[in-house]
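Chemist:
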DNA sequence: TGGCGTCATTTTATCGACAAAACTGCCATT
DNA sequence: AATGGCAGTTTTGTCGATAAAATGACGCCA
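Chains as they are written, first to last, in this note's numbering: chain A, 2 to 231; chain B, 2 to 231.
1. Starting from the Cα of residue 136(A), find the closest Cα among 35(A), 20(A), 111(A) and give me that residue.
2. Could you check what DSSP says for residue 159(B) in three-state terms: helix, strand or coil?
3. Specify whether the stretch 50–67 of chain A and the stretch 65–83 of chain B touch according to this definition: at least 3 beta carbon pairs, one from each stretch, less than 8 Å apart.
4. Nearest CA to the CA of residue 19(B): which residue from 171(A), 185(A), 75(A)?
5. Can you name the residues of chain B whose CB is closer than 7 Å to the CB of residue 60(A)?
6. Around the Cβ of residue 46(B), are there at least 16 other Cβ atoms within 10 angstroms (buried) or fewer (exposed)?
7. To the nearest angstrom, how far is it from the Cα of residue 214(A) to the Cα of residue 198(A)?
8. Determine the chain A residues that contact residue 102(B) at a beta-carbon separation under 7 Å, and present them in chain order.
9. For the alpha helix (DSSP H) that residue 70(A) lies in, which residues bound it at each end?
10. For residue 99(A), which residues from the same chain have a beta carbon less than 8 Å from its beta carbon, with the 5 sequence-adjacent residues on both sides left out?
11. Can you tell which of 33(B), 21(B), 225(B), 122(B) has its C-alpha closest to the C-alpha of residue 151(B)?
12. When the Cα of residue 186(B) is compared with those of 158(B), 54(B), 140(B), which residue comes out closest?
13. Just the chain A side, please: which residues come within less than 7 Å of residue 66(B) by C-beta, in chain order?
14. Determine the DSSP secondary structure at residue 189(B), reduced to helix, strand or coil.
15. Measuring straight from C-alpha to C-alpha, what distance separates residue 61(A) and residue 146(A)?
16. For residue 33(B), go through chain A and note every residue whose CB falls closer than 7 Å to its CB, in chain order.
17. Answer with yes or no whether the minimum CB distance from residue 152(A) to chain B is below 9 Å.
18. Using a Cβ-Cβ distance under 9 Å, would residue 21(A) count as near chain B?
19. For residue 145(A), which of helix, strand or coil comes out of DSSP?
20. Cβ-heavy atom distance between residue 89(B) and the ligand ZN below 8 Å?
21. What is the DSSP secondary structure of residue 28(B), reduced to helix, strand or coil?
22. Using 9 Å as the threshold, is the C-beta distance between residue 210(A) and residue 104(A) below it?
23. Compare the Cα-Cα distances from residue 181(B) to each of 228(B), 157(B), 200(B) and report the closest residue.
24. Is there a C-beta anywhere in chain B that falls below 9 Å from the one on residue 17(A)?
25. Check this for me: beta carbons of residue 144(B) and residue 33(B), under 9 Å apart or not?
26. Taking a Cβ distance cut-off of 7 Å, strictly less, list which residues of the stretch 70–99 of chain A are near chain B, in chain order.
27. Between the Cα of residue 117(B) and the Cα atoms of 206(B), 24(B), 200(B), which residue gives the shortest distance?
28. Does chain B have any CB closer than 9 Å to the CB of residue 166(A)?
29. Does the beta carbon of residue 107(B) come closer than 9 Å to any beta carbon on chain A?
30. Look up residue 42(B) in the DSSP assignment and give the residues it is bridged to.
31. Determine the chain A residues that contact residue 163(B) at a beta-carbon separation under 7 Å, and present them in chain order.
32. Within the stretch 73–128 of chain B, note down every full beta strand (DSSP E) run reaching 3 residues or more, in order along the chain.
33. Here's the rule: buried if 16 or more other CB atoms are within 10 angstroms of the residue's CB, otherwise exposed. What is residue 124(A)?
34. Please list the terminal residues of the continuous alpha helix (DSSP H) segment that includes residue 227(B).
35. Using the beta-carbon of each residue, which ones in chain B are nearer than 8 Å to residue 160(A)?
36. Please state the DSSP three-state secondary structure of residue 182(A).
So this is what it looks like as structure tokens:
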């Protein structure tokens, strides 16, 4: 769970705060599965791992608690929050209806430049994809492009709160994505799935777009199920 | 055997950690408007006010950031996040559709004991209300009973995440509620508004319940508007 | 008057230290 | 063999001190 750091550090913008840096690194490490679910987060260990003192660490972990990535027990420290099939199903349901709403409103409100952003984001994502590679920074970059695409879809929904909700749910979902191994992922044709959504969006066919999106999100469910049922 | 420790834990919520206590106090102070929007939160001031060191304070404030109650600027400290009409409208919209969903699902799934909880919560709320009083602890108690009632309505939606979302939105909304003075509040017949919702719920009339709920939430909009338009 | 650099003061972010709590391994007792 | 203390070790939560950054005051000069 260590050395893919430079890329993320470089991207962390303006962060003269030691704490912001460690926050983003821990967050990404949890999302990418480098810090596995349920793992104890001992302050001394993290100090060595992330090269900082206890105060920035504790602040960073505190930020991650309301986001649902970290749990805390009184006098028993921090740990990475768990992943369960029940939680995933809840998440999937939340995502389907909140993004559906956001997508419908974007389709109503979005103009040509919105369409352009989507097409562009899809292009970059599809470029990144064939080059599949389980190596950490590649995976991080792919995740970034994937998120950029999905956020572009709903960018014109007109509600900052709804955008933030979708963003948070997306990141929580990526914890589950990182659980499926790469072979399984390669079975799906991700680019085609996304193209299908875009095609419906460009036709301004909200119903088709929403159902393609739901279908897209639902596919991970079938990959996750065998992993989380013991 | 009930030992003393459990009793204390049960009585003081989140008990032994100094930080949990200060977290809840600051949170409530922001929601109730005792810490007004935009106000600078200097650590030294807070140390005196809440009687603790810098570390618990910074952790508590960090928890409040993702919840949207506190903003942070690099090397410029913390401040209470702002309230605007735009933000309120976004919030109102989010609340209407997320609680509508939660309420519909509760009406589908909830049983007799769910109905009982609602009736009970309404009873306690209506008891607390006529005794109106702008005094702080009364206001806090009324807020608590009001929230208990609304959470009881959606308690059977079956989605922990949706419940948490509604809970967070409710608390953010209460910041706006605390802006309207008590005279204005007294003009409304709060108990009647809530009874109307309950009546529709007990008839299992989801459409009527949802629209009564939306109507209820919308009423604050008219009270807020003159306050936030300068 | 009004903009600008400089210096002193305040405020922030971080570190190291310490008391209290939790965990661990061991031994005696049943 | 299992249970229940008991001491030693780790780990947590909090405090005070300190360097870096921001803020504010003041005088200088156009």
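Every residue gets a Cβ at the ideal spot worked out from N, C-alpha and C, and that includes glycine. Since the structure is predicted, the reported quantities are computational estimates derived from the model, not experimental observations.
Modeler: Per the coordinate set shown:
1. Here residue 136(A) refers to the residue found at position 135 of the first chain. Per the Cα distances, 35(A).
2. By 1-based counting over the second chain, the position of residue 159(B) is 158. Looking at residue 159(B) - three-state DSSP - the assignment turns out to be coil, as it is neither helix nor strand.
3. yes
4. By 1-based counting over the second chain, the position of residue 19(B) is 18. With distances taken between Cα atoms, residue 19(B) lies closest to 75(A).
5. To locate residue 60(A), count along the first chain from 1; it is residue 59. Going along chain B in sequence order, the residues near residue 60(A) (Cβ under 7 Å) are 59, 60, 63.
6. For the purposes of this step, residue 46(B) is taken as residue 45 along the second chain, with counting starting at 1. With fewer than 16 Cβ atoms within 10 Å of its Cβ, residue 46(B) is classed as exposed.
7. As a first step, residue 214(A) is located in the first chain; it is residue number 213 there, counting from the start. As a first step, residue 198(A) is located in the first chain; it is residue number 197 there, counting from the start. Cα to Cα, the separation comes out at about 6 Å.
8. Locating residue 102(B) in the second chain gives position 101, counting from the first residue. By Cβ distance, chain A contributes 98.
9. By 1-based counting over the first chain, the position of residue 70(A) is 69. Note, residue 70(A): premise wrong, no alpha helix (DSSP H); not H, not E.
10. For this step, residue 99(A) is matched to residue 98 along the first chain. Result list for residue 99(A): 163, 166, 167, 170, in chain order.
11. Taking the second chain and counting its residues from 1, the one referred to as residue 151(B) is at position 150. Per the Cα distances, 122(B).
12. As a working note, residue 186(B) is residue 185 in the second chain. It is 140(B) whose Cα lies nearest to the Cα of residue 186(B).
13. Your numbering for residue 66(B) matches position 65 in the second chain. Neighbours of residue 66(B) on chain A, chain order: 64.
14. Translated into the one-based positions of the second chain, residue 189(B) becomes position 188. In this structure, residue 189(B) counts as coil in the three-state DSSP scheme.
15. Within the first chain, numbered from 1, the residue matching residue 61(A) stands at position 60. Within the first chain, numbered from 1, the residue matching residue 146(A) stands at position 145. If I take the Cα positions, the gap works out to 25 Å.
16. For the purposes of this step, residue 33(B) is taken as residue 32 along the second chain, with counting starting at 1. Here the premise fails: no neighbours, minimum Cβ distance about 20 Å.
17. Residue numbering aside, residue 152(A) sits at position 151 when the first chain is read from its first letter. Not closer than 9 Å to any Cβ of chain B, the Cβ of residue 152(A) fails to qualify, so no.
18. Along the first chain, one-based indexing puts residue 21(A) at 20. Contacts with chain B at 9 Å (Cβ-Cβ) include residue 21(A).
19. By one-based count along the first chain, residue 145(A) stands at place 144. In the structure shown, residue 145(A) sits in a helix (DSSP, three-state: H, G or I).
20. As presented, the structure is devoid of all ligands, the ligand ZN included, so that no description of it is given.
21. Locating residue 28(B) in the second chain gives position 27, counting from the first residue. Helix.
22. Indexing the first chain from 1 puts residue 210(A) at position 209. Indexing the first chain from 1 puts residue 104(A) at position 103. Cβ atoms of residue 210(A) and residue 104(A): closer than 9 Å.
23. Within the second chain, numbered from 1, the residue matching residue 181(B) stands at position 180. Closest option to residue 181(B), Cα to Cα, is 228(B).
24. Along the first chain, one-based indexing puts residue 17(A) at 16. Answer yes: the Cβ-Cβ gap between residue 17(A) and chain B drops below 9 Å somewhere.
25. Taking the first residue of the second chain as 1, we reach residue 144(B) at position 143. Taking the first residue of the second chain as 1, we reach residue 33(B) at position 32. Contact flag set, yes.
26. Those would be 75, 76, 91, 92, 94, 95, 98, in chain order.
27. Taking the first residue of the second chain as 1, we reach residue 117(B) at position 116. Checked all of 206(B), 24(B), 200(B); the closest Cα to residue 117(B) is 200(B).
28. Against the first chain, residue 166(A) aligns to sequence position 165. By this cut-off, residue 166(A) is an interface position.
29. As a working mapping, residue 107(B) is identified with position 106 in the second chain. Taking Cβ atoms only, chain A never reaches closer than 9 Å to residue 107(B), which makes this a no.
30. Within the second chain, the letter at position 41 stands for residue 42(B). Answer by DSSP bridge pairing, in chain order: 79(B).
31. Residue 163(B) sits at position 162 when you count from the first residue of the second chain. What residue 163(B) touches in chain A: 95.
32. Taking 3 residues as the shortest admissible run, the stretch 73–128 of chain B contains the following complete beta strand (DSSP E) segments, listed from N- to C-terminal end: 78–81.
33. In the first chain, residue 124(A) corresponds to position 123, counting from 1. Its Cβ having fewer than 16 others within 10 Å, residue 124(A) is exposed.
34. Here residue 227(B) refers to the residue found at position 226 of the second chain. Per DSSP, residue 227(B) belongs to the alpha helix (DSSP H) from 207–229.
35. On the first chain, position 159 is the one that residue 160(A) refers to. Chain B residues near residue 160(A): 91, 94, 95.
36. In the first chain, counting from the first residue as 1, residue 182(A) sits at position 181. Reduced to three states, the DSSP call for residue 182(A) is coil.
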